[in-house]
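Each remark here refers to the structure printed beneath this line.
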Amino acid sequence: MNIRVHYEKLTAQITLSTPHKGNAFDHQMILDLTHAISQASQHPDIRVIVLSGEGKHFCSGGDLQWMKESVKLSAQENASQSQDLFDLFESLSQSPKVTIALAKGSSYGGGVGLLACCDFVYAKEDSRFCLSEAKVGLMPATIAPFVAQKIGWHKTKQLGIRANVIDVQQARQYGLVDGIAQEESDLIDLTNQCIEEVKKCSPESIKKYKELVREAMHMDASQLRLRTSEMIAQIRISPMGQEGLQAFIEKRKPSWDSHE
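Sequential numbering from 462 applies to the sequence shown in this note's numbering.
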């Protein structure tokens, strides 16, 4: 199995499971991950997707042997596989669920892309990150737009040109990493803390807010004025909006499940 998927209460745990090759992905793993993320994103009971890697590393990027063998494919087949990778990143970045990635060891190439697509990234202090493609005669073309959404185009350009390794402190300064843990158990603690905070919030509010943030990147001021006004007006009168406001007035915990 390329990946392992485990549902527990409100959480979908998706684990890259090829530790013998640093959880590097090939075409089949790309398809498997996309399917797992899409299934979790559509599951009514799941609120959080946690992405991690088995063994010492999160993800060392694309499997070099798989990429080398792409010379045997037609130009159309190569383009199709690259589009499948784009679809993987897009399925993660556009998921209505809260997405958390746990980094450790190496996150190279497409591994950085996966991290950049998540809402929260928690990393062990021994983590290292690199857009390494130029060192093997390639470039991080499919990855770049998603990394740029997280850290900006200028830093993305620099990382891709130098193909240099950055440590966890630099990754945090760039905005790629949100929290640093000494031990793997600390990663779990950070994750559980985030999940507990998410559980207190309306799932519909989070879904709509993530949707707004994605849309806002491509809107001008006049479009934002209309869209933000429309969305807040809709959610104020929604069942969840009314439940949240009423619960606050009555000084009780809101019941989100009964107002979906």
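For every residue, glycine included, the Cβ atom is placed at its ideal position computed from N, Cα and C.
Would you check if the distance between the CB atom of residue i and the CB atom of residue j is smaller than 8 Å?
i	j	result
K442	L648	Residue 442 lies beyond the range of the chain shown here (462 to 721); nothing can be said about it.
V511	Q544	no
G566	F607	no
T472	G514	no
S531	N539	yes
G516	Y583	no
K596	A562	no
Y569	S521	yes
Which residues mark the beginning and the end of the beta strand (DSSP E) in which residue i is found?
i	result
F581	581-585
G640	640-642
I604	Careful: I604 lies outside any beta strand (DSSP E) and carries neither H nor E.
S716	First-last for S716: undefined, no H or E at that position.
A473	472-477
S588	No beta strand (DSSP E) contains S588, which DSSP labels as neither H nor E.
R508	Segment: none, R508 is in no beta strand (DSSP E) and carries neither H nor E.
Count the other CB atoms, across all protein chains shown, that sit within 10 Å of the CB of residue i; report buried if there are 16 or more and exposed otherwise.
i	result
I698	exposed
R508	buried
L685	exposed
E594	buried
I604	buried
N484	buried
H615	exposed
Q526	exposed
A677	exposed
Starting from residue i, trace the alpha helix (DSSP H) in both directions and tell me its first and last residue.
i	result
Q526	525-529
T617	614-623
S408	For residue 408 there is no data in the structure shown, the boundaries of the chain being 462 and 721.
Just checking: is the beta-carbon of residue i within a distance shorter than 8 Å of some beta-carbon in chain D?
i	result
P480	Protein chains in the displayed structure number just one, and chain D is not present.
Would you mind giving the Cβ-Cβ distance between residue i and residue j, rounded to the nearest angstrom? I have them listed as a contact below 8 Å.
i	j	result
K571	G523	The sequence as given places Gly at residue 571; Lys does not occur at that position. With a Cβ gap of about 5 Å, G571 and G523 count as contacting.
A577	Q610	7 Å
Task: Sufficient close CB pairs (3 or more, under 8 Å) joining the region 674-694 to the region 618-635 - done: These segments do not touch.
TODO: Mind the definition here: the region 547-558 touches the region 587-599 only if three or more C-beta pairs lie below 8 Å; say whether that holds.
DONE: Flag = no, the region 547-558 and the region 587-599 do not touch.
Open item on the list: Can you confirm whether the region 658-675 touches the region 555-563 when touching is taken to mean that 3 or more C-beta pairs between the two stretches lie within less than 8 Å?
Closed with: In short, these stretches touch, since the Cβ pair count reaches three.
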